[in-house]
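Protein chains: 2
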Amino acid sequence: MQHGLDAAFSALADPTRRAILARLALGEATVMQLAEPFAMSQPAISRHIKVLGDAGLIIQRVAGAKRPCRLAAHALDDVDRWLAMLREALSRNYERLDGLLAAMESENETDSRGKDLTCAR
Amino acid sequence: MQHGLDAAFSALADPTRRAILARLALGEATVMQLAEPFAMSQPAISRHIKVLGDAGLIIQRVAGAKRPCRLAAHALDDVDRWLAMLREALSRNYERLDGLLAAMESENETDSRGKDLTCAR
DNA sequence: TCCTTTTATAATGAATCCGTTATATAACGA
DNA sequence: TCGTTATATAACGGATTCATTATAAAAGGA
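These protein sequence lines map, in sequence, to chains P and A.
With the working numbering applied, the first sequence corresponds to residues 1362 to 1482, in that order.
With the working numbering applied, the second sequence corresponds to residues 1362 to 1482, in that order.
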């Protein structure tokens, strides 16, 4: 079993697939329309579309022989939730660094034991 | 040459690496500290750390024999920028659907030419 | 100096990924 | 019904990924 985030992030890791998503950001498109800009065989594009679908990033409807794709409404929900956690940590770290710099500015001599944070360049 | 987004997203695609990032969200940690929770060899962890570093998600400083890691300040900048584009498209699509539903509610008969949007289940 | 700790690198093998071509299937249009 | 269009699937090969074990190197402490 593979975590949904695994599928989502590795789907996003491929430039062709990101280009497909960017194209779909402009609106619904059939497989052939999606394939057109690429110097790549149709089966290769179909495969990418399958990967994007399995990852929950896009959905396909059936319209006769065509299978138009569009972005899935909640495509990025899980990804966003996970990244929000990291982002929050980053801003927390930034505040901490801010505090550290303030401390260094006020008192020039810090005791050099404790969790070493030396040469933090 | 590989796009930075390729590296970032495929770094994020691995659950071990995401766990490492989650751990680093709590603060700086050495390689051994990062390896500790995992039933995995130390070289495997070193490799994951290298991938995260190459993707610009973490940085390492040298402290004697140790190489403490922390989250890179601008780790998610590119990823965020790219995802923001998609998110914007998604909300635009949502608004469009909203408009469509409103239109369907007011007038029941739509001309059936144009970008087919039939049987959109 | 010697032993230990911490980390990185090399060699290797299995699994997965990404492209190809060939082919199947289903709908469309004449 | 027949040929065309749209898409999916299978089979395959090469590249990459992810783990392993073995080993190297560098710093620390006795």
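For every residue, glycine included, the Cβ atom is placed at its ideal position computed from N, Cα and C.
Practice problem: Find the residues of chain P that neighbour H1364(A), judging by a C-beta separation of less than 8 Å, and give them in chain order. | Solution: Think of a sphere of 8 Å around the beta carbon of H1364(A): the chain P residues whose beta carbon falls inside it are P1376, in chain order.
Quiz item: In chain A, which residues lie less than 7 Å from F1370(P) when you measure between Cβ atoms?
Solution: F1370, L1373 and A1374
Quiz prompt | Three-way DSSP call (helix, strand, coil) for G1385(P) in this model | solution = The sequence as given places Leu at residue 1385(P); Gly does not occur at that position. Residue state, collapsed to three classes: helix.
Quiz item: Is L1395(A) near L1418(A), with beta carbons less than 8 Å apart?
Solution: no
Exercise. Quick one: grab the DSSP three-state call for L1432(A).
Key: Strand.
Self-check item: Identity of the residues DSSP links to A1390(P) by a beta bridge
Solution: Looking at the DSSP assignment, A1390(P) forms a beta bridge with C1430(P).
Self-check item: For Q1421(A), the residue or residues it bridges with in DSSP
Solution: C1430(A)
Self-check item: Presumed contact (8 Å Cβ cut-off) between A1372(A) and L1413(A), rounded CB distance
Solution: 5 Å
Quiz item: Out of curiosity, what's the CA-to-CA distance linking P1376(P) and D1367(A)?
Solution: Their backbone Cα atoms lie some 7 Å apart in a straight line.
Exercise. State the DSSP-derived secondary structure class of D1438(A), mapped to helix, strand or coil.
Key: helix
Quiz item: Got a sec: is the Cβ-Cβ distance from R1379(A) to anything in chain P below 8 Å?
Solution: yes
Quiz item: Mind listing which residues of the stretch 1430–1458 of chain A have their C-beta closer than 9 Å to chain P's C-betas, in chain order?
Solution: R1431, L1432, A1433, A1434, H1435, A1436, L1437, V1440, D1441, W1443, L1444, M1446, L1447, R1448, E1449, A1450, L1451, R1453, N1454, Y1455, R1457 and L1458
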